[in-house]
Amino acid sequence: MDSILTILIFFPAVAGVLGFVVHKDSIRAYGISVAVIEFALSLVLWMGYDPNVSGMQFMESIPLIPEFGISYLLGIDGISLFIIVMASFFTMIGIATLGETKRIKDMIITLLFLQMTMIGVFASLDAILFYVFWELSLVPMLYIIGAWGGPLRIYASVKFFLYTFTGSLVMLVGMLFMAYFYQQATGVWSFSLLEWYRLILPESYQLWLFAAFFFGFAIKVPMFPFHTWLPYAHGQAPTIGSVLLAAVLLKMGTYAFVRFSLPLFPDASVFFMMPIAVLAIIMIIYTAMVAYAQEDLKQVIAYSSVSHMGVIILGTFALNVEGIAGSVFLMIRHGVVSGALFYLVGVIYDRRHTKMMSEFGGLASVMPRYATIFGIMMMASVGLPLTINFVGEFLSLLGFYKQSHIMTLIAGIAIIVGAIYMLAAYKKVFFGDVTKEENKNLPDVNKREMLALIPLTIVAIWLGVYPKPILEPISNSTESIVQLMHDKAITQEAKERIPNLAEEMTISRTSTQEAH
Amino acid sequence: MEMYLYIALFAPFVGSLFAALFSASPKTLIAGIVPSALLFVSFLSSLVLLIHAMDGNTVHVEMMTWMAAGDLYIPYGFLVDQVSATMMMVVTIVSTIVHIYSIGYMDHDKSFNRFFAWLSAFVFSMMILVMSDNFAGLFIGWEGVGLCSWALIGFWYHKESATWAANEAFIMNRIADLGMLIGIFLLYWSTGSLQYDTVFAQIGSVEIAVVTTIGIFLFIGAMGKSAQFPLHTWLADAMEGPTPVSALIHAATMVTAGVYLVVRANPIYDLIPDVGYFIACLGAFVAMFAASMALVNRDMKRIIAYSTLSQLGYMFVAAGLGAYWVALFHLMAHAFFKALLFLGAGNVMHAMNDELDPFKMGGLRHTMKGTFIMMTLASVALAGIFPLAGFFSKDLILEVSFIEHHYILYTMLLLTAGMTAFYSFRLVALIFHGEERYKLFGFHPHEAYKYMLIAMSPLALLAVIAGAFKMTYFEMVTKVLPMTEYHIHNPTVYWIMTIGTQLFVIACILYAYRKYEVAKEDKKMEENIGYKILWNQYYIPHLYDEYVAKPYQELSRIFWKDIDMKVVDATVDMVANVFYKTGEKTRGMQNGNLSSMLQWMVVGLVVMLALAAVYSIATSLVAG
Amino acid sequence: MLEPVNISLESLNLSTLTPMLIPIIGALVILCIDLIKGGLNKSLYVMLSLLFLLMDFGSLVDFAQLFSQNGTMMGFFDVMLIDGLAIIGQLIIVLASMLFIPLSLTSKRFHEYAYPEFYALFLFMIAGFQFMVATDNLILIFVGLELSSLALYTLIALHNRNKSFEAAIKYFTMGALAAGFFSFGAMILYALTGSIEINQISAVLAADEYSNIGFVLVAVTFLLASFGFKLSLIPFHAWTPDVYEVSSAALAGYMSVVPKIAAFVVAMRLFEFLVHSNVVWLETMLYILVVLTMTLANIWALVQSDVKRMLAYSSISHAGFVMAAILIGTTQSNSALFLYWVLFAFSNLGAFAMLWVNRQKVLVAGQDSDHPFEKFSGLVRTIPTAAAIMGLFML
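Residue numbers (our numbering), protein chains in the order written: chain Y, 276 to 791; chain W, 9 to 632; chain Z, 7 to 401.
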C-alpha cells in the first residue's frame, strides 16, 4: 500500500512499453486487462483511503535533486482521489470499447501513456513533478488528435499544443519564482507543495504569481477568452480523444486552481475573485449561447463543456467549503457526463460519419435505447436534481452566493441557457420524423457501446442520488484547504471572505449539542 | 406509519420502473395495469396517512443523507402533515383515475408502455415535491415534475409542435426555477438550513428586507410552475400532450405546485404582507387575463387550459391574502373538477378523431351521454354553482378578498367568475348542444369505453360533494396553517353577496347558452379589435417569439460566427501568425550568402560600438 | 649583473598541463599509427580516442580532488588556471566528447569516420577547448580558440559534400573575422591596462575606476562580437543553420554543445567582472542580445521546414538562455547553468542522434503527416528539462 501511487502511475507506462512487443491481434485484450488492473488498483486506493483524514495520504517522497529541493513527492487527498479513480475508469472504458480503429496498437499504447501522465498530475505534490506530468500529458493527446483526427487534425493538434504549452510556460515561470521566494524566506530550495503551503507571501507578490499560475491554468480549463482551442481539438479528435480530453485533461486546470492558486495565494484569490467570476459568468452564458448556434452536435457538447467549466471556476472561487467542494464534485460530474456525451456523439458518428444535426432527426424512434441514454445524460448535463450535475452545481452556486448575490443570479442563468441548447439539440436529433433515408435503419447501440454507457449512466444517477461516498472526503479535504487559506490570509478582506472553520466548528458543535 | 409513507411514496416509482422495463417493446397491457394498481396502493396508504393526520399527528422520517458539505446538510427527509396529506390525497386520487382512464385512452398508441413509465414517474416526483421536509427535496420534485412534464408534452415527439411546446415548457420553468434556486440559496445563508422546521423557526430573526427578497424569489419559482403571467404561455401550448397528461399535470397537480409552495412557506409570507398583496394582485390579474383569452378561443383544450390558469389566479389571491387554507381548499376542489373536465374533453377528442375545434362538433349529447353529464357537472362546479365544490371554494376566495377590504380584487374576481361561467358553458353548448355539425366533416363519434367512464365517476362525485368537507378540512389543515376564519358579520351583506354572485353567474351561463346554442360564425364580432387581441392571446406569444426567441437565436449566431470565430479565435491565430510572419520575413538574414553574413556581423558590431559611444558620452556628460 | 632566472620545475607546476597534453599526445599517436600502417579499421581509432579521453577524464577527476583540497592553482608561468570553473568545464567537454565518439562506430557509411585524421583533429580540437577554459590569459584563450576552430573547420569539411566545403569556408571566414575582433579587443585591453590576464585587467580597471570607460567599452564590444560568434548569438549566428545542416547530425549535435561550453566558460570569466562592476551598458547590451537570441531564434525555428535547421535554431535560443545566466552572474545561476548544460548536452546529442538514426525520414520531411509530431515530441523531450532550468536563470 505504501507505494501504491507509484504503481498506479507507472504501471500503465511499463505496460505500455511492454505493449510494443504484444502482437497486434491480441493488443486489445492486453490493453483491456492492463486498464482493468489499473482501475482495480485505483479502487484499492479508494478502499485504503481514510475519508476522515483531511490531509494528504499515501505520501511518497524520494529526493531527486536535493540541491534545488526537487523531489519525487506524491500524495493524494479527497480532491485528487476521485479524479484519479475517474481517470482510470475512463481509460478502462475507453480501451474496452474502442471501435475498429486503424493502428489500434499505437492507440492503446498511447492511451496507456496518457493514463500515466494523467494520474501523475493528480498525484504529484512537487511542483516540478507536477509540471513534468502536466507537459507530458500533452504529447499523447497531441498524437491522438494528430494521428486519428478529422480533416483539420494538424491545425487542431498544433493549436492545442502550442496554446496550452504557452500557458504552461508562464505557469512554470511562476513556479520558479515561487520556489525562489521560498528560498529567500527560508534559505532552502523547495518545490514541495506542502512546504509552499506554509509560506505567506506579501499581497503584491501573490498577485503576480497568481496571475502567472492563472494564465497556465486558465488556458487548460479553458476559460474565456482562451477557450478557442477546445472546439477545434474536440471537433477533430477521435471519440476516445474527446472523451478523455473532456473527462480528465480539462480537470487539470480546475484541479490546479484548487491545489495551487487558492492555498498558495489566498489574498490574491480574494483580490481576483470578482474579475474571475466575471470571466466565469461570461464563459457560462456566452459559450452556452455559442453552443446553441452550433450545427455540429459535437461542437454543442464541446461548448457546453466549456460552459460547465465556468460553473466549476465559479464554485472554486466561492472560497468556502460549499463552493469548493461543489466545484470538485462538479469536476467529477463533468468528467462523467461530458465524457458520456462525447461518447454518445461518437456512437452516431460511427454509424453515419457525420455529426451535423441537420443530417439527423427522429432518431428517437429508430434508436430508442440510444435516445434514452442520451436523454438521461442530457438531463444530467442540464442539471436535474438526482443527477450528478445538480449536486455540484447546487453547491457551487450556493457557495458563490455567499460572495455575491447578483453574480450568482447571473451565473444561475446557466441553468436556463444550458437547458435551451441541450433541448434544442436533442429536439433536432431525436424528435420529429425520420427524414433522411440513411437514418431509417440505423442500428441501436450495440453491446460494446452499452458496456461503456451503462456504467456511466449508473454513476451519473448514483452520485446524484447518493453523493455522500465521494462528497464526504472531498468536503473534508476542502475544509482543510479553506482553513489553510483563512489562516494564511493577510488582508482584512480576505479574512472576511474566507470563512474560519475552526471558529464555526466550535459554534456548530455547541449548536448541535444544544439540539440534542 | 413510516411504512405507509414509504409505500405511498415509492409505489408510483416502482410502477414507473415496471412500465419502463417494457418501454422498448410494443403495447403490453400489463405495463398499464401494474402502475395503476400500484398507484391505487399508494392512494390507500395516503388515505391511511390522511386519517392519521386528521388526528393531529404528523409523520416525519429521514431516509438518508443527500448532500453534506461544510455546514450544509440536506437529507432525504419526508414529512406528512395535514397540508402534505391533503396534497397527497389530491395527487393520488387524480393520478389513479387518470392512470386507469389512460389505459383506455392510450389504447391504440404504440408507445403505450412508455406513457405509463413517464406518467408514474411524474406521480413519484409530485409525491416527493409535496412530501419533502426541506426546500432542496422540494426542488427535486419540482424539477422532476418539470422533466416528466417535458417528456409527456413532447410524448408524440414526431410532431414538431409537441416537441416545441415541450421545450418551451421546460425552459420557461427553468427561468422560474432559477428564481427558486436563488431563494433557496438566500434561505440557506440567512438561516443556515433548508429544513422547513428550522427555517420557519428562524425566519423571524432574519432582516425583513432579506425575507422580502426570499419571498419574491420563491414566488418567482412558483410563477413558473403555476404559469403565472408573464411565464404563462407554456401552459396553453402544453396542451399538445395527450389529454390525460393535461388532466393530471396541467390541471390537477403540477401547476398547483406553485400554490403549494406559497402555502407551505406561509411563515415566510406571513412576515411580508406586501409581497403577499402583490401575489394576490398578480393572481387576480391572471385570473381575469386568462379568462378573457378563454372567451374566444376555438380550441377545446386551450379553453380549459386558460380556465386552469384563471383558477390558479384565484388560488394565488387567496394565498397572497394570507388565507392559505382557502387556497389549498380551492386547489383541491379545482383538481377534481378540472381533471374531470379534461378527461371529458379527452373522450370528446377520442370520439372526434382528435378534433379540437368545438365549432365542428355540436349535439354530441346524444351519442355521448355519460361524457356529457360529467362535463356539465364539472362545468357547473367550475362556475361555482351551489352546492357543487366550486361554490364553496371559489366563493370563499371572493369573500376573503371582500373581508380583507380589497374591493378592486373582489370586483375583478367577480367579473372573472362571470367570464368563467360564460366560457365554460360556451364550450358545453358548442360541444353537446345545437346541431350536429360534425356530420359535415364526416366524423363518427362514439362514447368512450365503459371503464373509462367508471374511472371518471369518482371525480364527478368529488366535484359534487367536495364542498361538504369544508369544515372537516378546515379543522384539519389549520393545525399547521394559520387559522383565519372568514365570516361576514353582517348576514344581510353575506346573503346579498352570495345570492348576487349566484345570480350573476347563472345569468352568464344562460347568456352563453343563448349565444352558442346555435353556433354561427359571428363575422362582425371577429373583426372587432378586442376580439383580435384576445384571439391572439394579447400578442404575447408573438412578442416572445419576435423579441426574445429570435433575438436570442440571432445573438447566439453572432456570438459564434462573429465574435468567437472572428474575434476571439482570430486574435489567437493572429498572435501566432505575427510570430510566424516575422520569422518568414526575417529569415532572409541567413540566406547562406557569405558576404551578407559577414555584413550582419559587422552591423552588429557597429551597432554595439555606436551604443557604446553613446553610453560613454552619456556617462561623461553625467560625470561632467 | 643579471639575476639568473631560476625556473624551478616545481613552480612551473607542469602537471596542470596534463589534461591538455593527453589528447594532444593521443592525436599524435593516432597520426603515427596511420603513418606506420594505413588502412586500419576505424574502430581502432575510435577505441584509441576513447581511451585517451578516458585518461583525460581521469586526470581531470584527479585535479578535481586536488582542487577540493588546495583550492585554485596556477601553473606553467601562471598562465594555466585550475579553478572550479575550469575543471567542471573540462569535465563536461571530455564527457560529451566521449559520448560522441562511439557514435562514429555506426554501421552507416559516413566516410569521414574512416579517416584517422578525423580522430586526430577531434582530439586536437578537444585540447583547444581545454586550453580555452583552463586559463585566464587572453593570448592562451586565443590560441585555444584557434586550435579548436581550425580543427573544427576541417572536421566539417571532411564530411565531403559540396555543401560542407562551402559551409566550412563560410565558417572559416566568419571565424577569421571573429578572431580579428577578439585580438583587437584584447589589444585594446592590453593597451589600457598593460596586462593580458583577466583578473589583472579587472584589478587595474577597478583601481582607476573605469576612467577610460569609452575604450573599455570598445574593447568589450569587440570581445562580445567575437564570443557572440562562437556562441551563435544573434546577429552573429548566421553560420549556425548552414553549418549544422551540412555536417553530419551527430557532429552538429556535438557542435551545439561542446564548443559552446568552452566559449561560455570564457565568457563567464570575461564578462562577469564587468557585469559586477556595474557597467550598465554591458548589462543592457547582454540583455538585448539575450532577448533577441531567445525570441528570434525560436520564431525562426518555427518556420523551418528542415528539422536539423530547426534544431540549430533551438540550440541558438538555448545559448540565449545560458547567456542570461551569465548576465545574472550569481553563483546560483552559474551552477544552474552547468546543470542545465549537462542536461542540454544529453538531450541535444540525443535529439541529433535521433535525427541521424532517422536520416532518411527527415529528408522527406514535410509531406509526411507524421512529421510535425516527431518535430514536436522532439521538442517536448528537450524542452521540459531545458525549459525547467531555463526559468531558473531568470531569477
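Glycine included, each C-beta is placed from N, C-alpha and C at the ideal position. Predicted model, so just to flag it, every value in this text is computed and none were measured.
Express the C-alpha separation of residue j and residue i in angstroms, rounding to a whole number.
i: residue 265 (chain W); j: residue 150 (chain W); result: 8 Å
i: residue 631 (chain Y); j: residue 172 (chain Z); result: 57 Å
i: residue 374 (chain W); j: residue 355 (chain W); result: 14 Å
i: residue 36 (chain W); j: residue 127 (chain W); result: 16 Å
i: residue 745 (chain Y); j: residue 667 (chain Y); result: 12 Å
i: residue 239 (chain Z); j: residue 701 (chain Y); result: 59 Å
i: residue 264 (chain Z); j: residue 138 (chain Z); result: 12 Å
i: residue 317 (chain Y); j: residue 79 (chain W); result: 30 Å
i: residue 635 (chain Y); j: residue 512 (chain Y); result: 21 Å
i: residue 177 (chain Z); j: residue 131 (chain Z); result: 15 Å
i: residue 615 (chain Y); j: residue 103 (chain Z); result: 54 Å
i: residue 727 (chain Y); j: residue 522 (chain Y); result: 14 Å
i: residue 266 (chain Z); j: residue 71 (chain Z); result: 25 Å
i: residue 492 (chain Y); j: residue 445 (chain Y); result: 10 Å
i: residue 99 (chain Z); j: residue 468 (chain Y); result: 36 Å
i: residue 219 (chain W); j: residue 285 (chain W); result: 15 Å
i: residue 608 (chain W); j: residue 421 (chain Y); result: 39 Å
Below 8 Å between beta carbons: does that hold for residue i and residue j?
i: residue 593 (chain Y); j: residue 652 (chain Y); result: no
i: residue 423 (chain Z); j: residue 58 (chain Z); result: This structure cannot settle anything about residue 423 (chain Z), because the visible part of chain Z is limited to 7 through 401.
i: residue 678 (chain Y); j: residue 548 (chain Y); result: yes
i: residue 152 (chain W); j: residue 660 (chain Y); result: yes
i: residue 598 (chain Y); j: residue 488 (chain Y); result: no
i: residue 254 (chain W); j: residue 350 (chain W); result: yes
i: residue 774 (chain Y); j: residue 353 (chain Y); result: no
i: residue 623 (chain W); j: residue 287 (chain Z); result: yes
i: residue 544 (chain Y); j: residue 566 (chain Y); result: no
i: residue 198 (chain Z); j: residue 226 (chain Z); result: no
i: residue 93 (chain W); j: residue 61 (chain W); result: yes
i: residue 576 (chain Y); j: residue 613 (chain Y); result: yes
i: residue 427 (chain Z); j: residue 161 (chain Z); result: What the structure shows of chain Z is the stretch from 7 to 401, and residue 427 (chain Z) is not part of that stretch, so it cannot be assessed.
i: residue 698 (chain Y); j: residue 507 (chain W); result: no
Measure the beta-carbon distance from residue i to residue j and round it to whole angstroms, keeping in mind my assumption that it falls under 8 Å.
i: residue 166 (chain W); j: residue 708 (chain Y); result: 5 Å
i: residue 283 (chain W); j: residue 211 (chain W); result: No, residue 283 (chain W) and residue 211 (chain W) are not in contact; Cβ-Cβ is about 13 Å, not under 8 Å.
i: residue 802 (chain Y); j: residue 648 (chain Y); result: No answer is possible for residue 802 (chain Y): the residues shown for chain Y start at 276 and end at 791.
### Task
Scan the region 370-395 of chain W for residues whose Cβ lies nearer than 7 Å to a Cβ of chain Y and list them as they occur along the chain.
none
### Task
Enumerate, from N- to C-terminal direction, the unbroken alpha helix (DSSP H) stretches of 4 or more residues contained entirely within the region 431-474 of chain Y.
468-472
### Task
Could you name each continuous beta strand (DSSP E) segment of 3 residues or more that falls completely within the region 198-283 of chain Z, going from the start of the chain to the end?
none
### Message
Please identify, using Cβ separations under 7 Å, the residues of the region 164-185 of chain W that lie next to chain Y, in order along the chain.
### Response
165, 166, 168, 171, 175, 178, 179, 182, 183, 185
### Query
Which of the residues in the region 126-147 of chain W, read from start to end, lie with their CB under 8 Å from any CB of chain Y?
144, 147
### Against chain W: residues of the region 620-644 of chain Y by CB proximity under 9 Å
637, 639, 640, 643, 644
### chain Z contacts made by the region 611-625 of chain W, where a contact means CB separation under 9 Å
611, 612, 613, 615, 616, 617, 619, 620, 621, 622, 623, 624, 625
### Message
Going residue by residue through the region 529-590 of chain W, where are the continuous alpha helix (DSSP H) segments of at least 4 residues, counting only ones entirely within it?
### Response
531-535, 537-543, 548-552, 558-565
### Task
Could you pull out every unbroken alpha helix (DSSP H) segment of at least 4 residues lying fully inside the region 189-227 of chain W, listed in chain order?
204-210
### Message
Closer than 9 Å between beta carbons: that is the criterion. Which residues of the region 90-102 of chain Z meet it against chain W?
### Response
none
### Query
Which residue spans inside the region 303-358 of chain Y form an unbroken beta strand (DSSP E) run of at least 3?
332-340, 345-351
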